[in-house]
Amino acid sequence: MNKNRNKNGAVQTAKKGGRVPEEPVIILEAPRREGFDIGRWRTAIKQAEDPKEPDYTLLYDIFNDIMLDSHLTSIINKRIDHIKGTPLVFSQEGKENPMVSALIGTPWFDEMLEDLLCSRFWGYTASWLDLNNGTFRKYQMYDRRHIKPLKGMLLVKQDDRDGIDIARPPYDRFIITAGKPGDFGLLIKAVPWVLLKRGDVSDWATFNELFAMPFRKGTYPQFSNDAKLIMEQAMKTSGSAGYAIVPEGFTLEFIQNTSNGSTTAYMTLAEFCDKQLSKLFLQSTMTVEAEGGQYKGEVHERSEEGVHKSDERYLLGILNTKFRELLATHGFNPGEGRFTYVPESHICLEKRLDMDLKLAEKIVIPPSYWYEKYNMPIPGGGPQYIAPQISPAGEGTQVPVQKHRDLTEEGGQPAFYDPRPKRRIRDLLDFFS
1 MNKNRNKNGA
11 VQTAKKGGRV
21 PEEPVIILEA
31 PRREGFDIGR
41 WRTAIKQAED
51 PKEPDYTLLY
61 DIFNDIMLDS
71 HLTSIINKRI
81 DHIKGTPLVF
91 SQEGKENPMV
101 SALIGTPWFD
111 EMLEDLLCSR
121 FWGYTASWLD
131 LNNGTFRKYQ
141 MYDRRHIKPL
151 KGMLLVKQDD
161 RDGIDIARPP
171 YDRFIITAGK
181 PGDFGLLIKA
191 VPWVLLKRGD
201 VSDWATFNEL
211 FAMPFRKGTY
221 PQFSNDAKLI
231 MEQAMKTSGS
241 AGYAIVPEGF
251 TLEFIQNTSN
261 GSTTAYMTLA
271 EFCDKQLSKL
281 FLQSTMTVEA
291 EGGQYKGEVH
301 ERSEEGVHKS
311 DERYLLGILN
321 TKFRELLATH
331 GFNPGEGRFT
341 YVPESHICLE
351 KRLDMDLKLA
361 EKIVIPPSYW
371 YEKYNMPIPG
381 GGPQYIAPQI
391 SPAGEGTQVP
401 VQKHRDLTEE
411 GGQPAFYDPR
421 PKRRIRDLLD
431 FFS
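Each residue of the sequence shown is one higher than the last, beginning at 1 in the UniProt record's numbering.
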């Protein structure tokens with residue numbers, strides 16, 4: 001028998017059995033948005049790694065803060081978009097389960113996949129999933145500041161010492177988890193690069209304000225406070241450029257570093273930090289920033305494909321174990337079925353066309369294939385090949401046409417193969433390339 005607190009803080013009892021326990025309610029606090037630095041990051045790590053009483057709140061507040069970085073968001077979304085864009089099926093011996101298949105295309109399922117994948121970035125993740133009696137009711141990921149992974153507990157308030165045991169019945173039938181307890185994901189390694197870049201860009205902005213904008217100097221008669229106040233008021237109301245007010249006879253001088261690297265040092269450091277983030281999350285840089293030769297770009301692309309394959313295996317490991325157990329518990333009858341990703345071909349259009357044209361010389365390819373594969377508009381009479389034409393040599397002879405009856409076309413209409421359309425298709429490809 002487990003205890004849980006309702007919305008009013010009262011303790012209620014949930015018996016192990018068929019009834020649905022009341023979903024645990026937590027009291028959220030806004031994340032801190034202060035000026036974090038490397039020192040605070042190290043302090044947060046020490047608090048999270050405390051063997052007696054680990055505290056994750058500061059670390060996750062820093063994680064929330066660095067996610068405002070546009071480059072970091074972009075490379076993480078690249079991995080998320082791949083998972084959401086790759087077809088996923090559930091089948092047993094080639095037969096689909098209609099109840100499970102209906103779940104795959106729903107918005108909450110995509111949200112769950114994203115949260116499960118993000119456990120590789122954020123660390124241990126726990127979510128409430130109510131699929132009671134074969135019907136989806138609710139999905140919600142819990143704020144990670146309220147979870148104590150090593151104890152399997154959910155805290156009502158993030159500063160509580162004790163909470164709800166979600167690792168035991170009846171809550172374990174409605175909770176899906178991902179990640180290892182004590183693992184804080186890749187974001188813990190991304191923090192210093194984001195903070196360094198943030199400070200660098202801030203200094204860069206100050207540099208531009210001082211040396212890229214016109215600077216104004218005002219002088220006033222010495223010992224005349226009235227003149228000083230008038231000059232100061234004039235400076236404040238005449239634009240946002242920097243200014244200085246000095247007595248007559250005094251000088252004010254800004255000494256600028258005139259070395260060749262003074263104007264590029266800030267940009268170089270910012271780009272370096274971005275590249276380190278790309279290596280951390282994608283194991284490459286050239287698929288994010290266009291640079292390098294074709295060979296180097298292909299090597300980096302293969303590295304990124306390896307990352308995507310690793311993400312697929314990670315999610316399939318959860319879906320085919322924990323999630324399938326929840327499906328069986330809640331009446332979806334998954335049996336021995338398994339989730340699998342359907343691999344997509346990433347062959348470029350030019351290589352695909354060359355392969356298709358070579359195959360067309362050996363086997364019969366129905367006309368509809370060319371229209372569908374290359375997204376061409378279908379004529380009113382349906383898919384068809386072009387009619388035979390006179391040889392371009394001008395000899396007045398007709399190019400022989402190889403005719404093959406294709407009984408697979410709809411309506412039983414014969415289709416014929418003309419080897420010469422490949423020249424037209426190549427010309428069309430050259431036109432658009």
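Even for Gly, the Cβ is constructed at its ideal location relative to N, Cα and C.
N- and C-terminal bounds of the alpha helix (DSSP H) containing residue i
i	result
Tyr-60	57-66
Met-112	107-122
Asp-356	349-360
Phe-207	187-211
Thr-321	No alpha helix (DSSP H) holds Thr-321; DSSP gives it neither H nor E.
Ser-127	Run containing Ser-127: none in the alpha helix (DSSP H); it sits in the beta strand (DSSP E), 125-130.
Lys-275	265-282
Tyr-371	367-373
Gly-337	Run containing Gly-337: none; DSSP gives neither H nor E here.
Lys-52	Where Lys-52 is concerned, there is no enclosing alpha helix (DSSP H), given that its DSSP letter is neither H nor E.
Ser-74	70-85
Val-89	Careful: Val-89 lies outside any alpha helix (DSSP H), inside the beta strand (DSSP E) at 88-92.
Cβ distance (whole Å) where residue i is taken to contact residue j below 8 Å
i	j	result
Val-20	Asp-130	7 Å
Leu-150	Gly-105	The pair is not a contact, with the Cβ atoms about 36 Å apart (cut-off 8 Å).
Phe-332	Gly-134	6 Å
Phe-339	Phe-90	5 Å
Trp-122	Phe-207	With a Cβ gap of about 35 Å, Trp-122 and Phe-207 do not count as contacting.
Ala-178	Ser-119	4 Å
Tyr-266	Asp-203	7 Å
Leu-280	Lys-189	6 Å
Leu-117	Arg-79	7 Å
Ile-147	Tyr-124	6 Å
Tyr-220	Met-235	Contact doesn't hold; Cβ gap of about 11 Å is too wide.
Through-space distance from residue j to residue i, alpha-carbon basis
i	j	result
Val-399	Cys-348	At Val-399, the pLDDT of 45 sits below 50, so the modelled position is not reliable and the matter cannot be decided from this model.
Asn-320	Glu-305	22 Å
Leu-46	Pro-54	Correcting the residue identity first, residue 46 is Lys in this sequence and not Leu. About 9 Å.
Met-153	His-308	31 Å
Glu-271	Val-364	52 Å
Leu-269	Val-194	11 Å
Glu-22	Leu-28	18 Å
Gly-239	Pro-247	22 Å
Tyr-314	Leu-113	11 Å
Val-156	Ala-244	55 Å
residue 438	Asp-160	In this structure the chain extends from 1 to 433, so residue 438 is not present and cannot be described.
Ser-303	Ser-278	12 Å
Leu-326	Gly-335	12 Å
Leu-316	Gly-85	15 Å
Asp-81	Glu-312	12 Å
Ile-26	Ala-126	13 Å
Lys-217	Ser-224	17 Å
Leu-359	Pro-366	12 Å
Arg-137	Leu-186	32 Å
Phe-211	Ala-48	43 Å
Local Cβ density within 10 Å of residue i, reported as buried at 16 or more and exposed below that
i	result
Phe-215	exposed
Met-141	buried
Val-342	exposed
Tyr-295	Summary for Tyr-295: the model assigns pLDDT 44, below 50, so the residue's position carries little reliability; its value from the coordinates is reported in the next sentence. With fewer than 16 other Cβ atoms within 10 Å, it is exposed.
Glu-395	Reliability fails at Glu-395, whose pLDDT of 49 lies under 50, so the model's placement of it is uncertain and the value that follows must be treated cautiously. Exposed, by the Cβ-count rule.
Ile-83	buried
Tyr-369	exposed
Thr-73	exposed
Ile-166	buried
Leu-68	exposed
Asp-162	exposed
Arg-405	Confidence at Arg-405 is low in this model, with a pLDDT of 44, below 50, so the placement of that residue is unreliable and no value is reported for it.
Pro-87	exposed
Leu-229	exposed
C-beta contact flag for residue i and residue j at 8 Å
i	j	result
Gln-92	Gly-337	yes
Ile-175	Trp-128	yes
Thr-329	Arg-173	yes
Asp-65	Phe-36	yes
Gly-242	Gln-222	no
Lys-351	Cys-273	no
Asp-61	Arg-32	yes
Ile-38	Leu-282	no
Tyr-139	Glu-96	no
Lys-275	Thr-264	no
Tyr-371	Pro-383	yes
Boundaries of the beta strand (DSSP E) in which residue i is found, first to last residue
i	result
Pro-247	243-247
Arg-144	No beta strand (DSSP E) contains Arg-144, which DSSP labels as neither H nor E.
Lys-228	It is not in any beta strand (DSSP E) - Lys-228 instead sits in the alpha helix (DSSP H) that spans 225-236.
Ile-176	175-178
Lys-157	No beta strand (DSSP E) contains Lys-157, which DSSP labels as neither H nor E.
Test: residue i CB closer than 8 Å to a CB of chain C
i	result
Arg-324	Protein chains in the displayed structure number just one, and chain C is not present.
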